[in-house]
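Top line first, the protein sequences correspond to chains A and B. Here the first sequence stands for residues 1 to 241, where the numbers follow the working numbering. Here the second sequence stands for residues 242 to 482, where the numbers follow the working numbering. Reviewing the structure listed below.
2 protein chains.
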Amino acid sequence: MAKFYKEYDKHLVALDCIIFGFDEGELKLLLLKRKFEPAKGEWSLMGGFLKSDESLDEGARRVLHQLTGLSDIYMEQLHVFGELNRDPGERTISIAFYALIKVDENDRKLAETHGAHWVSVNQIPQLIFDHNQMVDKALRTLRSRTERKPIGFELLPEKFTLPQLQSLYEAINQEQLDKRNFRKRILETGLLEKLDEKEKGASKKGAYYYMFNKEKYLMYAEMGFHFQMKVKKSPLIKITT
Amino acid sequence: MAKFYKEYDKHLVALDCIIFGFDEGELKLLLLKRKFEPAKGEWSLMGGFLKSDESLDEGARRVLHQLTGLSDIYMEQLHVFGELNRDPGERTISIAFYALIKVDENDRKLAETHGAHWVSVNQIPQLIFDHNQMVDKALRTLRSRTERKPIGFELLPEKFTLPQLQSLYEAINQEQLDKRNFRKRILETGLLEKLDEKEKGASKKGAYYYMFNKEKYLMYAEMGFHFQMKVKKSPLIKITT
DNA sequence: TATGTAAGTGTTCAATATACACTTTATAGC
DNA sequence: GCTATAAAGTGTATATTGAACACTTACATA
């Protein structure tokens, strides 16, 4: 291939992956301790450098796989971070990707053997470079996404209960929702199909399992929809002086 | 500065600018004929290469200024395009930015002397590489943006009339809105301040000028809001066979 | 001064969102 | 096996918001 652009600067391009999972009623983030200098040993997102023979998506998937063993994760672009001194090692621009995944036992082990850890988004430690800023942006994007697209398919197991789904929404948006209104709204979208089976163990009564209707889910994910509810009024707390 | 990342590939990073303006009741896009190989002479977005000593935003502004003379334009990141063969010249990843601007006489001349042209978004020619795809994405982003953020500040002159504002919304979303409902909704946001002055010339009666309340505008731009209206029912068209 | 053209204005009805509390179910402990 | 407990499940009345719809006003120009 002829080279037309000889005279222009070339740049290191990093790919950083922000992976959210939902576990134990909490929204979690996958982090690891950086294995090379600079900032070796500090908490970091999964990151690596783009190669010349791979597209951005391929690169991001490769980086994630190398660092955690996770494969077949669909990630979306979040933002490009390109301040001059964001990486003290060398001028690097970083393309941040994010994904939502359901964490199964297998993934959990894979991640662990690679030294990755799931951390609650409420307890994110200090990360290297501008990675905290990236996580911030990803969280804000994720929150606004819940209002415009269905969510859950990527974060919950195939069968899940309505209380689980509600607690997912509550964990992402950090707010309490009214049970009746939540059910009514989510059911009337037609996204969910009720199964004839109950979850046992989590409660005495047991909650019915549901599944997503895949076609409807994809349709809404494509076209967008609207899902916003007022936060449940918290019971008044009397402040005594 | 110590170099830690010697062994990694480096890449050409392009910055492409998608500039929307509103003029004569139409949403327009700024294009120019590419001045260098490959694809010299074909229609293109304003693009150039990132330099090592500038941030992404700085680079995008520089490119836009060099190619059109426009300055002080605030652009937002749209997306990164990084398919392997998107640029036949050489492997290049491109960060696309977009902006909305109000086109004044001065800008118009500046752009013209630089060989740039304002083209209606309804008549976009074939562009080089993946630039049509970039414009597509920018348009979709712009449309969804009208539902979540106030718009107009960047596209209209300081003083504008309600019919102008409505026609901006209609041009962006390519739909007709009901005059009374539009006015009611936009006025009750508190975003607008009515002036004691009428626009003359555009109509016999003349429409009152309004300005944006800058604080409210910034507040809503930051927090987001909701502005969505059903499209006006088009009068029935009888199809005779 | 008559005519034409776009600006401006309110109300009714329908749909949707919110607030709110008791009943049901099954387990586990006695 | 009876009882206590803890979470799941369910419906309605009211308030709010959104949509549909047509005539009057102001001014310029002929």
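All residues carry an ideal CB built from backbone N, CA and C; glycine is no exception.
Counted within 10 angstroms of its Cβ, other Cβ atoms place residue i as buried (16 or more) or exposed
i	result
Y339/B	buried
N181/A	exposed
K28/A	buried
S52/A	exposed
H226/A	exposed
Y315/B	exposed
N363/B	exposed
S335/B	buried
I237/A	With a pLDDT of 42 at I237/A, under the threshold of 50, the predicted position of this residue should be treated as unreliable, and no value is reported.
F160/A	buried
T113/A	exposed
M464/B	exposed
A14/A	buried
A337/B	buried
A138/A	buried
R61/A	buried
R34/A	buried
G442/B	exposed
G356/B	exposed
I239/A	In this predicted model, I239/A has a pLDDT of only 34, less than 50, meaning its place in the structure is not dependable; the value taken from the coordinates is given anyway. Counting Cβ neighbours within 10 Å, I239/A comes out exposed, since fewer than 16 surround it.
G288/B	buried
G41/A	exposed
Minimum Cβ-Cβ distance from residue i to chain B less than 8 Å
i	result
V13/A	yes
R185/A	no
R34/A	no
P38/A	yes
L162/A	no
V63/A	no
R91/A	yes
H243/A	No answer is possible for residue 243/A: the residues shown for chain A start at 1 and end at 241.
V135/A	no
V80/A	yes
Unbroken alpha helix (DSSP H) run spanning residue i, endpoints
i	result
E463/B	455 to 464
H65/A	56 to 68
F423/B	420 to 429
L168/A	162 to 173
Neighbourhood of residue i by C-beta, 8 Å cutoff - its chain only, sequence neighbours within 5 removed
i	result
L191/A	P150, F212, N213, K216, Y217, Y220
L70/A	I19, L64, I101, D107, L110, A111
H11/A	R91, T92, I93
T387/B	Y410, I413, N414, F468
H117/A	L30, L31, L32, A111
Residue-chain proximity (residue i, chain A), Cβ-Cβ < 8 Å
i	result
E324/B	yes
E283/B	no
G288/B	no
D250/B	yes
L368/B	no
S335/B	no
L406/B	no
Unbroken beta strand (DSSP E) run spanning residue i, endpoints
i	result
S120/A	116 to 120
E112/A	Here E112/A belongs to no beta strand (DSSP E); instead the alpha helix (DSSP H) covers 105 to 113.
S94/A	92 to 101
D262/A	Residue 262/A lies beyond the residue range present for chain A, which begins at 1 and ends at 241; the question has no answer from this structure.
K439/B	433 to 440
E265/B	No beta strand (DSSP E) holds E265/B; DSSP gives it neither H nor E.
L155/A	No beta strand (DSSP E) contains L155/A, which DSSP labels as neither H nor E.
E76/A	76 to 81
Nearest-angstrom Cα separation, counted from residue j out to residue i
i	j	result
F322/B	T333/B	9 Å
V360/B	N173/A	42 Å
L195/A	I186/A	16 Å
G89/A	L297/B	18 Å
E434/B	V472/B	25 Å
K445/B	L78/A	49 Å
Q307/B	E278/B	18 Å
E438/B	R424/B	18 Å
C258/B	L286/B	6 Å
Q133/A	R140/A	11 Å
Sequence-distant residues of the same chain with beta carbon closer than 6 Å to residue i, five excluded per side
i	result
S408/B	G266
T241/A	Residue placement at T241/A is flagged as unreliable, the pLDDT there being 31, under the threshold of 50; the coordinate-derived value follows with that caveat. Excluding sequence neighbours, T241/A sits near nothing in its chain.
Y371/B	According to the sequence provided, residue 371/B is Asp. The question's Tyr does not apply to it. Excluding sequence neighbours, D371/B sits near F322, R327.
W284/B	L272, P366, L368
Sequence-distant residues of the same chain with beta carbon closer than 7 Å to residue i, five excluded per side
i	result
L156/A	F22, K102, Q164, L165, L168
E158/A	M211
G300/B	L256, L291, K292
E429/B	none
E199/A	T161, G206, A207, Y209
R143/A	I172, N173
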